[in-house]
Amino acid sequence: MNSSSDRSSRDDSVRHRVVAIDGPAGSGKSTVAKRLANVAGLEYLDTGAMYRAVTFAVILRNVDPEDSVAVTQVAEDCTIVQHEDGTVTVDGVDATVEIRGSLVSSVVSLVSSHEGVRRELVSRQRQWVRTRGGGVLDGRDIATAVFPDALLKVYLTASPEVRATRRTSQGSSEAQTGNSDTNDDYERVLLDIQRRDKLDSEREHDPLRQDADAYLVDTSDMTIDEVVALLSNLFDEALRSISD
Ligand code: DC
Numbered sequence: 055m056n057s058s059s060d061r062s063s064r065d066d067s068v069r070h071r072v073v074a075i076d077g078p079a080g081s082g083k084s085t086v087a088k089r090l091a092n093v094a095g096l097e098y099l100d101t102g103a104m105y106r107a108v109t110f111a112v113i114l115r116n117v118d119p120e121d122s123v124a125v126t127q128v129a130e131d132c133t134i135v136q137h138e139d140g141t142v143t144v145d146g147v148d149a150t151v152e153i154r155g156s157l158v159s160s161v162v163s164l165v166s167s168h169e170g171v172r173r174e175l176v177s178r179q180r181q182w183v184r185t186r187g188g189g190v191l192d193g194r195d196i197a198t199a200v201f202p203d204a205l206l207k208v209y210l211t212a213s214p215e216v217r218a219t220r221r222t223s224q225g226s227s228e229a230q231t232g233n234s235d236t237n238d239d240y241e242r243v244l245l246d247i248q249r250r251d252k253l254d255s256e257r258e259h260d261p262l263r264q265d266a267d268a269y270l271v272d273t274s275d276m277t278i279d280e281v282v283a284l285l286s287n288l289f290d291e292a293l294r295s296i297s298d
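First residue of the sequence shown: 55, per my numbering; consecutive thereafter.
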């Protein structure tokens, strides 16, 4: 096999093993994506955590989040590692709790709206998949911009009220840190979710939207187990369709 056919067969196998899960905050994306990755024997990448990690670095370095040049520089400079045990380090500093806190949550939509930040993180996401030959990724633009040829595309959603309830009742250990969304009362979380939905879906670059080929799954009245079972069946079907 010459090197160009080597490359194209590798690209093909990568394309065939990518699961793209998009949706708004609180739709259950990360829990479902993690569980699906386990079932499917793939690795999982939380792309929201990458945007949160850059936001953490922007805050730490006292950079104005409106300054797209400076914020892009931070995104290009910073080293983000998602460890197997779930911890996230930014330039070697453990930021696992802080990236979920209300300060980062209030600024992350602004930081992620800059074109340069998206260019850098999308490139890292594609690299992550290339080195693994596939994976399950969740975010806002995975099906529409990062992997438009993903094997399986899913758009998870739920009503804002259901999502706010999940966010306020989830992760009691986080709440004990005094530095997370879970500490906030329901009304505040609901307002923050609505604000972020608006910013994420109305931004100029790669806004949150359902891809034309994505399965729409409204999780409002579903358990996590039901959603994982549904996606697992869709994944098996998609695999069968390419092996036929
Ligand atoms: O999924 P999350 O709530 O952790 O994401 C945090 C923010 O990051 C979200 O408000 C928008 C941004 N984001 C993005 O723009 N693109 C992605 N692929 C993932 C997240």
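Yeah, the Cβ is synthetic: ideal placement off N, Cα and C, and Gly gets one too.
For clarity, every value in this text was computed on a predicted model and none was experimentally measured.
Distance between beta carbons of residue j and residue i, contact taken as under 8 Å
i: V190; j: A87; result: 5 Å
i: S81; j: T273; result: 6 Å
i: N104; j: L175; result: Rather than Asn, the amino acid found at residue 104 in this sequence is Met. Their Cβ separation, rounded to whole angstroms, is 5 Å, which keeps M104 and L175 in contact under 8 Å.
i: Q136; j: Y209; result: Q136 to Y209, Cβ: 23 Å. No contact.
i: R217; j: A74; result: Rounded, the Cβ-Cβ distance is 20 Å, inconsistent with contact.
i: S122; j: G170; result: 6 Å
i: D192; j: T101; result: 7 Å
i: L244; j: E215; result: 7 Å
DSSP beta-bridge partners of residue i
i: Y269; result: V208
i: D192; result: I75, D100
Cβ-heavy atom distance, residue i to the ligand DC, below 8 Å
i: S163; result: yes
i: G193; result: yes
i: D265; result: no
i: Y105; result: yes
i: L96; result: no
i: D148; result: no
i: L245; result: no
i: A79; result: yes
i: T101; result: yes
i: R172; result: yes
i: I278; result: no
i: S166; result: yes
i: S84; result: yes
i: L262; result: yes
C-beta atoms of residue i and residue j nearer than 9 Å
i: L99; j: Q179; result: yes
i: S167; j: E258; result: yes
i: D254; j: R194; result: yes
i: V125; j: D118; result: yes
i: S159; j: R106; result: yes
i: F289; j: A111; result: no
i: V165; j: I153; result: no
i: V72; j: D203; result: yes
i: A303; j: D76; result: This structure cannot settle anything about residue 303, because the visible part of the chain is limited to 55 through 298.
i: T211; j: L270; result: yes
Neighbour flag for residue i against chain D, beta carbons, 9 Å
i: G77; result: Among the chains in the structure shown there is no chain D, since it carries only a single protein chain.
Checklist entry - What residue ranges within the segment 68–147 form continuous beta strand (DSSP E) runs of no fewer than 3 residues, ordered along the chain? => result Counting only runs of 3 or more, we get 72–76, 98–100, 134–136, 142–144.
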